[in-house]
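Taking it in order: structure first as structure tokens, then the write-up.
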Amino acid sequence: IALQTLELLVQCVSGDKEMTLSSSDLTEDLFETTEHLFASFYVSLKRNGNIVRAEIHHRRNLPLVLCIAIRCLASLTRGFPEASKLTGADEAHQRAV
1 IALQTLELLV QCVSGDKEMT LSSSDLTEDL FETTEHLFAS FYVSLKRNGN
51 IVRAEIHHRR NLPLVLCIAI RCLASLTRGF PEASKLTGAD EAHQRAV
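Everything in the sequence shown is counted per the UniProt record's numbering, starting at 1 for the first residue and increasing by one.
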């Protein structure tokens with residue numbers, strides 16, 4: 001799973017809004033895997049073409065834990081370039097951040 005895509009989806013969750021992602025950013029297989037991951041934290045992802053919408057169904061701590069975990073992992077990859085090979089973060093993304 002591309003960590004930078006997960007981080008974008010977390011921004012969508014924390015803002016409870018829609019986001020446009022191309023099919024190259026979020027392939028069907030990646031979307032299905034991510035959809036299952038987020039669902040285990042009571043967050044549903046809906047996809048309509050390139051538009052992805054996140055909805056929180058349980059306002060307890062699990063959606064927050066999901067957001068914190070993904071942002072921490074993304075932060076670690078920016079601090080340790082060798083970690084990007086393990087998480088799927090690419091060099092261009094790291095330079096942009």
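Virtual Cβ for every residue (Gly too), placed ideally from N, Cα, C.
*Cβ pair count under 8 Å reaching 3, the segment 44-53 against the segment 10-21*: yes
*Please determine, among F41, A2, G79, the residue with the shortest C-alpha to C-alpha distance to V65.*
Position 65 of the sequence shown, counting from 1, holds the residue named residue 65. If we check each option's Cα against that of V65, F41 comes out closest.
*Straight-line gap, A2 to R60 (C-alpha atoms, nearest Å)*: By 1-based counting over the sequence shown, the position of residue 2 is 2. By 1-based counting over the sequence shown, the position of residue 60 is 60. Whole-angstrom Cα-Cα distance: 26 Å.
*Can you say whether E7 is buried or exposed, counting buried as having 16 or more other CB atoms within 10 angstroms of its CB?*
As a first step, residue 7 must be located in the sequence shown, where it is residue number 7. So E7 ends up on the buried side.
*Between L37 and T5, is the Cβ-Cβ spacing less than 8 Å?*
Here the question's residue 37 lines up with position 37 in the sequence shown. Here the question's residue 5 lines up with position 5 in the sequence shown. No. Outside cutoff.
*Report the rounded CA-to-CA distance for A96 versus H57, giving the unit in angstroms.*
Taking the sequence shown and counting its residues from 1, the one referred to as residue 96 is at position 96. Taking the sequence shown and counting its residues from 1, the one referred to as residue 57 is at position 57. Its pLDDT being 43, under 50, A96 is placed unreliably by the model, and the measurement read from it follows with that caveat. Taking the straight line from one Cα to the other gives about 33 Å.
*If we ignore side chains and look at the alpha-carbon of each, how far apart do P63 and G15 end up?*
For the purposes of this step, residue 63 is taken as the residue at position 63 of the sequence shown. For the purposes of this step, residue 15 is taken as the residue at position 15 of the sequence shown. When rounded, the distance between both Cα atoms is 12 Å.
_Contacting residues, own chain, Cβ-Cβ under 8 Å from Q11 (five flanking each side not counted)_ = Residue numbering aside, residue 11 sits at position 11 when the sequence shown is read from its first letter. Result list for Q11: M19, in chain order.
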